[in-house]
Structures are given as C-alpha cells and as structure tokens.
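Below is one structure; the comments refer to it alone.
There are 2 protein chains.
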Amino acid sequence: MKYPKGIVKKEKHEIYYGNRGMALESDLNETNEYYLNRDIAVIHKKPTPITINQVDYHSRVDAVIKEAHFRIPSTTDYNGIYRGKYIDFEAKETTSTTSFPLANIHSHQIEHLKKIIKHGGIGFLIVRFTKCGKTFYLDGKDLMSFLQTETRKSIPLSFFEQRGYQIKDAFQPRVDYLNIINRIYFGGESNEKNS
Amino acid sequence: MKYPKGIVKKEKHEIYYGNRGMALESDLNETNEYYLNRDIAVIHKKPTPITINQVDYHSRVDAVIKEAHFRIPSTTDYNGIYRGKYIDFEAKETTSTTSFPLANIHSHQIEHLKKIIKHGGIGFLIVRFTKCGKTFYLDGKDLMSFLQTETRKSIPLSFFEQRGYQIKDAFQPRVDYLNIINRIYFGGESNEKNS
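See the structure below:
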C-alpha cells in the first residue's frame, strides 16, 4: 500500500474554501451519490486544488501537511459520465436576488467549458439564487451565447428563467440535473417544469 | 472574486504524496498539456485529495492551511474527454522487473474503472516498469478479465506485453496514450508497435 496510516478515509470535516457553507454543494454531493448508488451515472466532485508547501513525515506512516495554500482551479469542480456522454459543470450559489455575478466563475473555467462543448461533452452551470431559493441549470451553449452577445458582468435572473431550466428541490435526488440533461440531450420525458 | 490573495496560482512545489518523484506523472502532465494546447483532448489530473483540519484565516485575503491529511482517492487520478468519449485512467510506476503489484491500486479505483466502462467510457491503466524503462497501456477490459480469471496479487510483465500496448517514449508528446486509444477504439493508424 502506498498510503500511510495518517490518511483519513472519510471527509467529514472537509472545508471547500471557495464555497464555505455552500448548501448547494452538499445537495449535489448527495445527488451524485444517489446517481452512483443506483448506477445511473458516475459523477464526482474534484478535490479542492491546493499547493503543498510543507509536509511533516515525522514517521513514514503518519504524514501531516503543515502548510498549504488554496489554488485557483483550472477546470470546473464536477465531471463524470452519463449515458456514454462526458459531463462537466460548475456549481455556484449567489445571494443576489437579481443576477449572477460572472466574477464567481474564473475565466479559465469558462474556457474549459467551451473546450468541453467543442469536444462533444455536455458542459453547464448550476446556479442557486439562495434568497429566492431557485436553482437553475444553464446549458454551456446558452452561457457562451450570453457571453458573446452581452457585455454585462452578471447574468440576470430573467436570463436563467428564459434560457435555463429550473431544478426543483426534491428529497431524492436533491438536485436532479440529469433530468434536465435527459430533456435537452436525450429527448427524454420529465416531470420537471421550466419555470 | 471568491479567492483571496493567499492563493498560489502555479503548482511548482506541489507534492503528490502517493507518487513522490514519479517521472511518469510529470511525463503525463506534459502529454496532457500537449493535447490541450493542440486542441486534441481535454484531460486533466485531479488534485490530490486531502482532508483539511485547520485553516488559518488570520486575514481574509491570506488563508493558510495549517493541518491537513492525505486521503485515499475514491476515483482515478486522470479523466477528461477525447473525440467525444469519456476518458478515465490511473497511472503507476513500479520498480519490479517482473510484475505490477495490484496493491498499488485501491479496490475502489478498480470499481470506479469498472463503472466507467459499463457507462460507455474508456478506462485504462498506464503502468511504467522503471527498471526496464517500458511504459504500457492496459485497457480496462483486459484488466477486468485478468482480475476475473487470476488470483495472483500482481500482473506479470508478460501480461502487459501480450494484452497491453507499449507506449514508446518520445519527445512530444512524451507518452502518447491517445495513439493507442485511436487504434483500439477508433480503428486509427499508428506508428507505435505493440512490443
């Protein structure tokens, strides 16, 4: 085994610095676990990218990272496979009631999504407006068309309502975004209504 | 912007604990960069999974992780998209001259690869025998057939030579594994010879 005893298996206390206390992330983790357990899709959140400066190897079986920094991600947070298609997305919450600030997404994440779409993958955003409790799927193609035609630094809620798909909160799965993908990419039926 | 100044952009000093000093990893990073820059494929290494125990937020713009542990990965290290197909693999080096010890791969990584194949993705291993300097592509289907029929705790070099594909070292790209995928999955021509 390459891994020492110092490794902690469960990630109970994991902190995602970029998204501290993000309920959407927790909902998506549960949703992805639901998909995985039912063999519907294999989609995971990537680990938080960090740069490690100092590791204490005081014993070979118990390594402790003593100093590290958070790093700007070069890709999106989530990817995987569904019905043979490559899936790739970023999920964000905003407290704004009127629009989603584009500063929440790094420019290389946008570039990454663009490339994914070009190579035949399904790329999108999931954005939750926490104040009104609405969660939207915005397809990457619609995001790109917004960025090409608009000079605004935020995407208005109305754009999500017109071009996006609302994902209704549910018990299981919490945020059923694959239902939207079924509709857009697989001509599938759905119980969800676009608000 | 959600990210504070404390974030370090470049990963010059990144340590991958599981693979300290692994030349194969460095070769693969260069290879993936080559693919990315030429718009051939979008394949990235996932960040090292860690569990963060303590973060020093002494100023909001300069967060430092003060204690963290390495975590056992639940998926493979590399994934992405190539010619519309989902790509997923694990890369390992061994100093053994005769066989690749299966203890180098976690059981949930094997399970992960199995699921990827089932869902229509391309899953595989890249294994380098450092002593003889040979690097092999072993398709996930061949790995699974070995695991089903063999009880051995290591995969002999001869199995790699018979069922795998040797990836010859080159200048650019360093480890051209997509060339093998072209042959297996896309009926493509190749200059590589199966040793």
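Line order of the protein sequences matches chains G and U. In our numbering, each residue's number is its place in the first sequence (first place is 1) plus 259. In our numbering, each residue's number is its place in the second sequence (first place is 1) plus 259. Beta carbons are placed, not taken as given, at the ideal position from N, Cα and C, and that holds for glycine. Note that this is a predicted model, so its numbers are computed, not measured.
State yes or no: is the C-beta of residue i within less than 8 Å of the C-beta of residue j?
{"i": "Gln313(G)", "j": "Lys325(G)", "result": "yes"}
{"i": "Glu349(G)", "j": "Gln368(G)", "result": "yes"}
{"i": "Phe383(G)", "j": "Asp398(G)", "result": "yes"}
{"i": "Thr354(U)", "j": "His328(U)", "result": "no"}
{"i": "Arg433(U)", "j": "Asp298(U)", "result": "no"}
{"i": "Gly339(U)", "j": "Val386(U)", "result": "no"}
{"i": "Ile439(U)", "j": "Ile426(U)", "result": "yes"}
If you draw a straight line from the alpha carbon of residue i to that of residue j, how long is it in whole angstroms?
{"i": "Thr357(U)", "j": "Asp435(U)", "result": "24 Å"}
{"i": "Leu372(G)", "j": "Ile414(U)", "result": "38 Å"}
{"i": "Lys400(G)", "j": "Leu361(U)", "result": "42 Å"}
{"i": "Asn288(G)", "j": "Cys391(U)", "result": "43 Å"}
{"i": "Pro263(G)", "j": "Tyr316(G)", "result": "Here Pro263(G) scores only 45 on pLDDT, less than 50, and its place in the model is too uncertain to base an answer on."}
{"i": "Phe430(G)", "j": "Phe419(U)", "result": "47 Å"}
{"i": "Glu284(G)", "j": "Leu283(U)", "result": "33 Å"}
{"i": "Met281(G)", "j": "Pro308(G)", "result": "17 Å"}
{"i": "Met403(G)", "j": "Asp347(G)", "result": "15 Å"}
{"i": "Ser449(U)", "j": "Tyr396(U)", "result": "Residue confidence is low: Ser449(U) scores 44 on pLDDT, short of 50, so the model does not pin down where it sits. No coordinate-derived value is stated."}
{"i": "Ile443(G)", "j": "Ser366(U)", "result": "35 Å"}
{"i": "Asn291(G)", "j": "Glu370(U)", "result": "16 Å"}
{"i": "Ile293(G)", "j": "Tyr337(U)", "result": "Here residue 293(G) turns out to be Tyr, not Ile, going by the sequence shown. Their backbone Cα atoms lie some 23 Å apart in a straight line."}
{"i": "Gly446(U)", "j": "Val323(U)", "result": "50 Å"}
{"i": "Asn363(G)", "j": "Asn363(U)", "result": "38 Å"}
{"i": "Phe359(G)", "j": "Lys374(G)", "result": "22 Å"}
{"i": "Leu222(G)", "j": "Ser417(U)", "result": "The first residue shown for chain G is 260 and the last is 454, placing residue 222(G) beyond what the model contains."}
{"i": "Phe405(G)", "j": "Pro306(U)", "result": "30 Å"}
{"i": "Tyr424(U)", "j": "Asn296(G)", "result": "33 Å"}
{"i": "Gln421(U)", "j": "Asp428(U)", "result": "19 Å"}
{"i": "Thr394(G)", "j": "Thr394(U)", "result": "46 Å"}
{"i": "Asp321(U)", "j": "Asp321(G)", "result": "27 Å"}
Give me the chain G residues within the contact set of residue i, using Cβ-Cβ distance strictly less than 9 Å, ordered along the chain.
{"i": "Glu326(U)", "result": "Val323, Ile324, Lys325"}
{"i": "Ile426(U)", "result": "Those within 9 Å of Ile426(U) in chain G number zero; the least Cβ separation is about 22 Å."}
Is the Cβ of residue i closer than 8 Å to any Cβ of chain G?
{"i": "Val386(U)", "result": "no"}
{"i": "Phe329(U)", "result": "yes"}
Interface residues of chain G around residue i at Cβ under 7 Å?
{"i": "Gly380(U)", "result": "Ile340"}
{"i": "Thr307(U)", "result": "Pro306"}
Taking residue i as the query, report the chain U residues whose CB atoms sit under 8 Å from its CB, ordered along the chain.
{"i": "Thr334(G)", "result": "His303"}
{"i": "Ile375(G)", "result": "Val301, Ile340"}
Between residue i and chain U, is the shortest Cβ-Cβ distance under 8 Å, so that the two count as touching?
{"i": "Lys412(G)", "result": "no"}
{"i": "Ile440(G)", "result": "no"}
{"i": "Gly447(G)", "result": "no"}
{"i": "Phe405(G)", "result": "no"}
Relative to the ligand ADP, is the shortest distance from any of its heavy atoms to the C-beta of residue i smaller than 7 Å?
{"i": "Leu372(G)", "result": "The ligand content of the structure shown is nil, which means the ligand ADP is not present either."}
Which residues of chain U have a Cβ atom closer than 7 Å to the Cβ of residue i, listed in chain order?
{"i": "Gly343(G)", "result": "His378, Gly379"}
{"i": "Lys393(G)", "result": "In chain order: nothing, as chain U lies at least about 21 Å away."}
At 8 Å on the CB atoms, spell out the chain G contacts of residue i, in chain order.
{"i": "Phe418(U)", "result": "Here the premise fails: no neighbours, minimum Cβ distance about 21 Å."}
Check whether the stretch 332 to 345 of chain G and the stretch 367 to 383 of chain U are in contact - that is, three or more C-beta pairs closer than 8 Å.
yes
Stretch pair the stretch 331 to 339 of chain U + the stretch 400 to 412 of chain G: three plus CB contacts closer than 8 Å:
no
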